[in-house]
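FYI, the numbering for the sequence shown is 1079 to 1228, going by my numbering.
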Amino acid sequence: MAKIILTHEVSGLGEAGDVVEVKNGYARNYLVPKGFATPWTRGGQKQVDQIKAARAARELHSLEDAQALKAKLESTKVRLSVKAGLGGRLFGSVKPADVAAAVADAGLGEIDKRKVEFTAPVKSVGDHEVTVKLRDEVTATITLQVVAAK
């Protein structure tokens, strides 16, 4: 087993700054080359502290702020204008960065594009459900209204 420090969130494994043990091949062939992790060393504790401090700065500071943002996001439809063909199919798909920009443009607040999750790819116009993880215990569901750009 290899002991590593996660530098990014890896679903099913942990968040940035977590020290985890994984199989040697998984660490050597995937996590380290992709930049998701670094090998653990005794001096790596400083790096763990820096990563956790950066993560804490990015997160919303209080639970009340997260609850208020969740209420705003769930009460409003977020409108996103994208290029679409005749049948309503999009040229490409909606990305998490597009959703974060649409929320900011709607004046609902800033969300981190890395916290936006789709249940299925958004490749057509219409209403779609998108999940945003605001904190560990607060998750908001946004109704995304995708319309064709003119």
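Where a beta carbon is used, it is the ideal one built from N, C-alpha and C, also for glycine.
- For Gln1145, the closest C-alpha among the options Val1160, Ala1227, Lys1211 and Gln1125 is that of Lys1211.
- Residue environment: Gly1095 is assigned as buried (16 or more neighbouring CB atoms within 10 Å of its CB, all protein chains considered).
- At a Cβ-Cβ threshold of 8 Å, Val1208 and Val1160 do not count as neighbours.
- Within the stretch 1100 to 1141, the complete alpha helix (DSSP H) runs of at least 4 residues fall at 1122 to 1136.
- Every beta strand (DSSP E) stretch that sits fully inside the stretch 1182 to 1212 and reaches 3 residues is listed by chain position as 1194 to 1196 and 1204 to 1211.
- A residue is called buried once 16 or more other Cβ atoms fall within 10 Å of its Cβ, and Thr1119, having fewer, is exposed.
- Spanning the alpha carbons of Leu1186 and Val1194 requires a straight line of approximately 15 Å.
- In the three-state DSSP reduction, Leu1222 falls in the strand class (E or B).
- Counted as a single uninterrupted DSSP element, the stretch harbouring Arg1167 is not any beta strand (DSSP E), since DSSP gives it neither H nor E.
- Straight through space, the alpha carbons of Val1172 and Leu1091 are spaced by roughly 26 Å.
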